[in-house]
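The structure under discussion appears below in the form of structure tokens.
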Amino acid sequence: MEDRVPRSGRLTVAEFDRFVDAQQDEHDWELVDGGIVMMTNPTENHEQIAGNLGAPLKLAMDAQGCRSYRGGMRVLRDYDGRGRDKPKPDIDVRCGPRQNRTFVTDPLVIVEVLSPSTMDRDRGPKLSFYKLSFYKSLPTLRHFVLVYQDQMRVEHDRREPEGWVSDVLTAPDHVLRFEAVEFEIALDRVYFDVPVLRPIAVG
């Protein structure tokens, strides 16, 4: 959930880091295509969905020697500070040796839980396009997921040998599968204790 902060020009990661360090409030920020984005407080439904998916995913990843993070780790393409993206997804998964950094550069799975109030910006022609393009440009990424919180709908993009393939899951018995990390979960578990306010969308 985000609000873009108007600024002239496009910032690099290094410039964004200096901006964040200079702030004297408790707001959280992302860098998306060089633009500063302020993240707003999540709703209870948002946190319930993130927990329903994130908790079992973390247990599964712990057993595999991988790591799952919930909303605390930014994603970078590399370490040099010249990029223009530093988003903070709701959930991301990586494998490999522990790095003990404040960001990851090698995610396998990324999940974003959409906010109804900012859905147009999350998935519109600017913010969503830039974030999706950035995530899909990462060579390690295998799964990118958008989870709606106002209807039972999960959009899953997965990288196959022939390219990216998209699935839309809309029913309680539909199963979200992350083959790259051998994890799966049904939508009725993802949406446990979350009121679906609108009819299920099909297609």
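According to the UniProt record's numbering, the sequence shown is numbered sequentially starting from 1. Think of the CB as a built atom: it goes at the ideal place given N, C-alpha and C, for glycine as much as any other residue.
For this session: Decide if the segment 178 to 187 is in contact with the segment 131 to 139; the criterion is three or more beta carbon pairs, one per stretch, under 8 Å apart.
Result: The segment 178 to 187, when compared against the segment 131 to 139, does not touch it at the 8 Å Cβ threshold.
Problem set entry | Best match in M152, R189, V75, I49 for proximity to L169 [C-alpha to C-alpha] | M152
Problem set entry | Buried or exposed by the 16-neighbour rule on C-beta atoms within 10 Å, applied to H156 | buried
Exercise. Excluding sequence positions up to five away, which residues of its chain have a Cβ less than 6 Å from the Cβ of I91?
Worked result: Here the set comprises G54, R70, V111.
For this session: Can you grab the Cα-Cα spacing for the pair F103 / D80, in whole Å?
Result: 13 Å
Exercise. Could you give the residue range of the beta strand (DSSP E) that holds V145?
Worked result: Residues 143 to 147.
Problem set entry | Sequence-distant residues of its chain with Cβ nearer than 7 Å to D106 (five each side left out) | R94, G96, T140
Exercise. Starting from F192 and walking both ways along the alpha helix (DSSP H), at which residues does that stretch end?
Worked result: Where F192 is concerned, there is no enclosing alpha helix (DSSP H), given that its DSSP letter is neither H nor E.
For this session: Would you check if the distance between the CB atom of L11 and the CB atom of I49 is smaller than 9 Å?
Result: Going by C-beta atoms, L11 is not nearer than 9 Å to I49.
Exercise. Candidates R98, K88, P172, R74: which alpha carbon is nearest D188's?
Worked result: P172
Exercise. Expressed to the nearest angstrom, what Euclidean distance is found between the alpha-carbon atoms of V109 and E44?
Worked result: 23 Å
For this session: Out of R101, V147, P161, point me to the one whose CA is closest to A186's CA.
Result: V147
Exercise. Where DSSP assigns a beta bridge to Y69, which residues make up the other side?
Worked result: D92
Problem set entry | H174 versus V145 - alpha carbon distance | 14 Å
For this session: Under the assumption that N52 contacts V190 (Cβ atoms under 8 Å), give the Cβ distance between them as a whole number of angstroms.
Result: So it is a contact: roughly 5 Å between Cβ atoms.
For this session: Please report the Cβ distance between A60 and F183, rounded to the nearest whole angstrom; I am assuming they are in contact, meaning their Cβ atoms lie under 8 Å.
Result: 5 Å
Problem set entry | CA nearest to the CA of T40, picked from A22, L114, G34 | Among A22, L114, G34, the Cα nearest to that of T40 belongs to L114.
Exercise. Helix, strand or coil for A186 per DSSP?
Worked result: strand
Exercise. In terms of residue numbering, what span does the beta strand (DSSP E) encompassing D28 cover?
Worked result: 28 to 32 is the extent of the beta strand (DSSP E) around D28.
Exercise. Which two residues bound the contiguous alpha helix (DSSP H) that contains G54?
Worked result: 44 to 64
Exercise. Rounded to a whole number of angstroms, what is the C-alpha to C-alpha distance between R84 and W29?
Worked result: A straight-line Cα-Cα distance of about 13 Å links R84 and W29.
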